[in-house]
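Numbering (UniProt numbering), first residue to last: 1 to 135.
For glycine and all other residues, C-beta sits at the position ideal for the given N, C-alpha and C.
As the structure is a prediction and not an experimental result, all values here were calculated from the model.
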Amino acid sequence: MGEFDPRASFARSPVARLATSSPDGIPHLVPVVFAVDGDVVYTAVDAKPKTTRRLRRLTNIADNPRVCLLVDHYADDWARLWWVRADGVAAIHRDHDAMTAGLRLLRAKYPQYQFVSLEGPVISVTVHRWSNWHA
Numbered sequence: 001m002g003e004f005d006p007r008a009s010f011a012r013s014p015v016a017r018l019a020t021s022s023p024d025g026i027p028h029l030v031p032v033v034f035a036v037d038g039d040v041v042y043t044a045v046d047a048k049p050k051t052t053r054r055l056r057r058l059t060n061i062a063d064n065p066r067v068c069l070l071v072d073h074y075a076d077d078w079a080r081l082w083w084v085r086a087d088g089v090a091a092i093h094r095d096h097d098a099m100t101a102g103l104r105l106l107r108a109k110y111p112q113y114q115f116v117s118l119e120g121p122v123i124s125v126t127v128h129r130w131s132n133w134h135a
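Given below as structure tokens:
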């Protein structure tokens, strides 16, 4: 494997885990698809089936916008293991330039969004700290 580029590896990954916490400190972790623009990570609430439209991640972000995103790579060859974490502050956009930018980037990264509606809000995470590890 060549030189490890943490941000490029993060951006190329198909899925991240988004960690939020409730006002009383209960952690909540969900897998999300995402797109990156510099130090901003975008994810959206799409029309895939969900048990409720009142998603805990949105409630948690409204109460505590400090979040974490984690991308990792596992291989049986442990010399190829790595992870990248992005710690930052999230914002929820329902009609804003950030929403338009996020939707554009998500549609460019995921061909599935040509067929799955992006009707919910966009979450932007302004990353204040990148950290990583690789074998």
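Check whether the stretch 1-19 and the stretch 29-46 are in contact - that is, three or more C-beta pairs closer than 8 Å. yes
Check whether the stretch 102-114 and the stretch 32-44 are in contact - that is, three or more C-beta pairs closer than 8 Å. yes
Endpoints, beta strand (DSSP E) assigned at Ile26: Segment: none, Ile26 is in no beta strand (DSSP E) and carries neither H nor E.
Report the start-end ranges of each alpha helix (DSSP H) in the stretch 63-115 that is 4 residues or longer and not cut off at the edges. 97-109
By the DSSP assignment, the beta strand (DSSP E) with Arg17 in it spans what residues? Note, Arg17: beta strand (DSSP E), 16-21.
Own chain residues within Cβ distance below 8 Å of Met99, not counting five before or after: His93, Pro121, Val122
CB-CB under 6 Å to Asn132, same chain, minus the five flanking residues each way: which ones, in chain order? Pro6, Val84
Helix, strand or coil, according to DSSP, for Arg12 in the structure here? helix
Thinking C-beta only, is Ala44 closer than 7 Å to Val67? no
From Val41 to Ser124, what does the alpha carbon distance come to, in whole angstroms? 6 Å
Same chain, Cβ closer than 8 Å to Asp37, neighbours up to 5 away in sequence not counted: Ala101, Leu105
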